Amino acid sequence: MSPSPRIKGWCPGAWRPMATGDGLLVRVRPPLGELSREQVGALCDAAETFGSGLIELTSRANLQLRGVTDESWPRLMALLVEHQLVSDDPEAERQPQMMLAPAWQKGDDTHTIARLLQARGSELAPMPGKVGMAIDAGNALVLGDSAADFRIERSTKGSLLVRADGYALGTAVSDTEAAVEQLVRLTHWFVDSGGWDAGRMRRHAAPLPDWAPADTAPASPGEKLALGKHNEGVVVGLPFGRVAAETLREAVSQTSIRTVQVTPWRRLLLKDCDTLPAVDGLIRHNSDPRLAMDACPGAPFCEQASVATQPLAEKLSGWVEGTVHISGCAKGCARQRSAALCISGRDGRFDVIISGRADSTPVKSGLTESEALDVIKKLSESS
Ligand code: SF4
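This is the structure:
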């Protein structure tokens, strides 16, 4: 079988990988956002045997392998299916992405809702590829900044609610089953009211139906997982969302973990262990400046990029206070919001942007890497 289709701009998956600057990008959605120790090992083997050896963690808590070829893709898929990292049914991947609030525990509402939704996955309306759902049913909301079109959350009064993206308030529901029923119904309303044209719920102009009143406030936002010890294990960060397979394998081998939960924050929760693995290539401290930096893959990994981003990001680490964004082009995939400092690639050179996005007007443009570093050094010295 050949990987197909590979349409640029398509939301890629494992069965529908995307052609990028360094080969095929294969995106894996770990079931319920969790991998067993054995699955982590299989993913590392897959990255090294069939890809570039790097594993990426995305802002939607997916895992990505890069550098896969047309020839190696079928064997990669066989391995991923064998280890239940990917369903053997390509149609299952067309169901909307489901993101769980990290640190969920077996039997809590987040886990229960996710299992119910899994069981009813075929009842969801077929929706555009980027549409996703967030199950964020802990006492505080932690996925509010993460992209999702439909959310199941806790209300200020402790009940559950279902909220459509773009609305500050949601609809209260009586229990987990009612939440799932409401969400399934909302997906059909979305499609029937023209959601395919809008593409995302946030852009969908149709008013919500009478049976989905937006009248219940969600709970207050909570903190994302801090690095270090956690009730469930330990939390480590991945520099710019990337880790070498050998680094991850070594981290697992040093600890007693049974499972790993992914997060949308470039962090992994290593469950059932109490020691931070002492491995280079992971972020272990909350003071690490790379946590405030965003960098997309850049060249040679992305076809749109004319500059390498991550080496520059490493060089700039700790230079500048506040948020830093290094982007391979004006699209700004790694960060859509403004950053205190943004460096954006264009035609093999760099533009320097202050308090802006990758497509904002630069204060200096057309710089080589060393010229860009000089400009940033002077700016940071004068501030
Ligand atoms: S910002 Fe540009 S270079 Fe970076 S990943 Fe997105 S499209 Fe590629």
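Each residue of the sequence shown is one higher than the one before, starting from 1 at the first, in the UniProt record's numbering.
Don't be surprised by glycine CBs; every beta carbon is placed ideally from N, CA and C.
For clarity, every value in this text was computed on a predicted model and none was experimentally measured.
Whole-angstrom distance between residue j and residue i, CA atom to CA atom
i	j	result
Gly228	Asp272	13 Å
Ser253	Arg29	23 Å
Val375	Leu312	14 Å
Thr58	Asp210	36 Å
Val40	Val320	35 Å
residue 385	Gly237	Because residue 385 is not part of the residues shown, which for the chain are 1 to 383, the question remains open.
residue 387	Gln304	As shown, the chain starts at 1 and ends at 383. That puts residue 387 outside it, with no answer to give.
Pro218	Ser159	9 Å
Gly170	Pro264	22 Å
Lys157	Ala372	51 Å
Leu43	Asn231	26 Å
Thr49	Val81	15 Å
Cys333	Cys296	6 Å
Glu56	Glu181	33 Å
Thr187	Met293	35 Å
Pro5	Ser87	For Pro5, the predicted structure reports a pLDDT of 41, less than 50, and the residue's modelled location is therefore unreliable. A value from the coordinates is still provided. For Pro5 and Ser87, the distance between alpha carbons rounds to 18 Å.
Val162	Lys378	49 Å
Ile343	Asp359	10 Å
Gly9	Arg16	In this prediction, Gly9 scores a pLDDT of 42, lower than 50, which makes its location untrustworthy; the coordinate-derived value is nonetheless stated afterwards. So the alpha carbons of these two residues sit roughly 12 Å apart.
Met98	Lys106	17 Å
Asp108	Pro90	29 Å
Gly199	Ser193	12 Å
Gly241	Met133	21 Å
Glu93	Ser317	37 Å
Leu268	Val191	34 Å
Arg249	Val26	19 Å
Leu60	Ala147	Note that residue 60 corresponds to Arg in the displayed sequence, not to Leu. Each residue's Cα considered, the two are about 7 Å apart.
Leu100	Gly356	31 Å
Thr112	Thr176	7 Å
Pro102	Gly233	12 Å
Ala214	Asp197	23 Å
Val307	Ala205	38 Å
Gly23	Val173	45 Å
Ile7	Glu381	In this predicted model, Ile7 has a pLDDT of only 45, less than 50, meaning its place in the structure is not dependable enough to derive any value.
Leu367	Arg335	21 Å
Gly345	His325	11 Å
Trp104	Ala114	10 Å
Proximity to residue i [Cα-Cα], best of the options
i	options	result
Leu32	Ile135, Gly23, Asp22, Asp374	Ile135
Val68	Ala14, Thr176, Ile113, Gln39	Ala14
Asp149	Val180, Pro96, Pro102, Glu56	Pro96
Asp347	Arg337, Gly298, Leu379, Leu316	Gly298
Arg337	Ala178, Met127, Leu269, Asp145	Asp145
Val364	Glu371, Val352, Lys157	Reading the sequence as shown, one finds Lys at residue 364 and not Val. Of the listed residues, the one whose Cα sits closest to Lys364 is Val352.
Gly328	Phe301, His285, Lys315	Phe301
Arg290	Gly281, Pro239, Ser360	Pro239
Leu54	Thr323, Ala212, Ala245, Thr361	Ala245
Pro12	Gly129, Ser122, Thr110	Gly129
Ala226	Val260, Pro213, Ile283, Ile257	Ile283
Arg258	Leu248, Leu270, Arg249, Thr247	Leu270
Val235	Ala212, Gln261, Asp108	Gln261
Val184	Ala205, Ala125, Ala198	Ala125
Glu34	Ala206, Leu63, Ala47, Arg151	Leu63
Pro207	Ala179, Val243, Ala178, Gly166	Gly166
Ser36	His83, Glu369, Ala178	His83
Thr323	Leu341, Gln310, Glu153	Leu341
Residue i Cβ short of 6 Å to ligand 1 heavy atom set
i	result
Lys331	yes
Gly328	yes
Gln304	yes
Cys342	no
Pro300	no
Pro297	yes
Closer than 6 Å: residue i CB and nearest ligand 3 heavy atom
i	result
Gln182	The ligand content of the structure shown is limited to ligand 1, which means ligand 3 is not among them.
CB contact check: residue i to chain C, cutoff 7 Å
i	result
Cys302	Absent here is chain C; the protein component of the structure consists of one chain.
Using 8 Å as the Cβ pair cut-off and three pairs as the minimum, do the stretch 208-227 and the stretch 131-151 touch?
Short answer: they touch.
At least three beta-carbon pairs within less than 8 Å, the stretch 114-122 to the stretch 72-79
With the cut-off at 8 Å, the stretch 114-122 and the stretch 72-79 do not touch.
I want to know whether the stretch 253-263 touches the stretch 277-285 - three or more CB-CB distances under 8 Å.
As far as the Cβ criterion goes, the stretch 253-263 touches the stretch 277-285, which means the pair count is three or higher.
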